[in-house]
Amino acid sequence: MRRRSFLAGNWKMFKELDEAKEFVLEFLPLVSQVRERQMALAVPFTSLSLVAELAKDSQLIVGAQNCHWDNEGAFTGEISCSMIKTCGASMVLIGHSERRQYFGDTDQIVSRKLAIALYYGLLPIVCLGENLAERESGLAFEVLSRQIKTSLEGLTAADAPKIVLAYEPVWAIGTGRTATDQQAQEAHSYLRARLTDMVGSEAAVQVRILYGGSVKPDNVASLMSQPDIDGVLVGGASLSPQSFAKIVNYLPI
Ligand code: PEP
2 MRRRSFLAGN WKMFKELDEA KEFVLEFLPL VSQVRERQMA LAVPFTSLSL VAELAKDSQL
62 IVGAQNCHWD NEGAFTGEIS CSMIKTCGAS MVLIGHSERR QYFGDTDQIV SRKLAIALYY
122 GLLPIVCLGE NLAERESGLA FEVLSRQIKT SLEGLTAADA PKIVLAYEPV WAIGTGRTAT
182 DQQAQEAHSY LRARLTDMVG SEAAVQVRIL YGGSVKPDNV ASLMSQPDID GVLVGGASLS
242 PQSFAKIVNY LPI
């Protein structure tokens with residue numbers, strides 16, 4: 002099955018308003034020819050409205066980097082999916098490894114956030130991946146199995162195609178150490194098999210699985226040549242309009 006390529010950036014806690022505006026104004030003309038592929042940017046909450054407004058007549062999907070699991074309430078400092086939506090955004094990252102590592106996002110929390118993102122019609126990108134110790138001790142697949150099972154708990158076959166998964170081995174994020182094409186493909190194909198167990202093959206083949214971890218303009222094409230790699234989630238290299246545009250415009254090999 003042919004899945005539509007999805008190339009997403011994650012600005013993390015970078016870019017003030019002026020910088021966000023400058024980026025979008027430079028970036029959009031560089032990707033104006035893109036038709037088949039989907040491209041997206043997860044930006045800080047403070048830039049959501051501005052970037053969504055600037056991108057509204059373009060192909061760029063704009064999203065947040067996190068959300069709360071409830072719609073409203075006494076949760077000081079938190080942002081809900083309905084708030085994200087009213088900013089004009091349509092996507093949200095859930096369970097990024099930095100959220101898991103520094104802010105206590107567990108697989109159970111991820112599953113609650115996923116449910117509310119789907120309820121509000123946001124496109125959720127659910128991130129998972131093993132850390133270095135887990136990979137080196139041969140536990141990578143066990144960890145992935147546990148993460149996918151709990152993070153996607155309750156996901157129906159009807160909703161599965163409405164989500165995107167991102168395999169991001171923690172040891173490859175921001176380290177310059179990319180997983181090899183084979184390591185990434187192996188993990189993606191494993192995740193698709195687990196998805197098949199959970200929602201059936203008809204739904205599982207429609208789910209896009211992105212690879213994230215030190216993706217750059219010069220390694221995107223070979224990663225994208227793998228059968229189960231449907232896109233990429235890019236941190237550092239999405240901060241420059243030129244390098245992110247090169248990633249979006251990669252030439253297939
Ligand atoms: C990320 O933030 O999801 C990521 C993969 O970062 P980087 O591309 O910088 O490794």
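Everything in the sequence shown is counted per the numbering used here, starting at 2 for the first residue and increasing by one. Glycine included, every Cβ here is placed at the ideal spot set by N, Cα and C.
Item, Value
"Closer than 7 Å: is that where the CB of GLY130 sits relative to any heavy atom of the ligand PEP?", "no"
"Would LEU26 be called buried (16 or more neighbouring beta carbons within 10 Å of its own) or exposed?", "exposed"
"Considering only heavy atoms of the ligand PEP, does any lie closer than 7 Å to the CB of LYS247?", "no"
"How long is the line joining the alpha carbons of LEU55 and LEU115, rounded to whole angstroms?", "27 Å"
"Compute the beta-carbon to beta-carbon distance between SER223 and PRO253, rounded to the nearest angstrom, for a pair I have assumed lies under 8 Å.", "Their Cβ separation, rounded to whole angstroms, is 10 Å, which puts SER223 and PRO253 out of contact at 8 Å."
"Out of GLN39, SER59, ALA53 and VAL216, which one is the CA nearest neighbour of PRO30?", "SER59"
"What are the start and end residues of the beta strand (DSSP E) that includes VAL235?", "232-235"
"Spell out a yes or no on whether the segment 159-168 and the segment 193-212 are touching, meaning 3 or more CB-CB pairs, one atom from each, closer than 8 Å.", "yes"
"Give, in chain order, every unbroken run of the alpha helix (DSSP H) that is at least 4 residues long and sits entirely within the segment 20-106.", "49-55, 82-87 and 98-104"
"Among TYR191, GLN148 and LEU240, whose alpha-carbon lies nearest the alpha-carbon of LYS22?", "LEU240"
"If we count the other Cβ atoms within 10 Å of its Cβ and call it buried at 16 or more, is THR77 buried or exposed?", "exposed"
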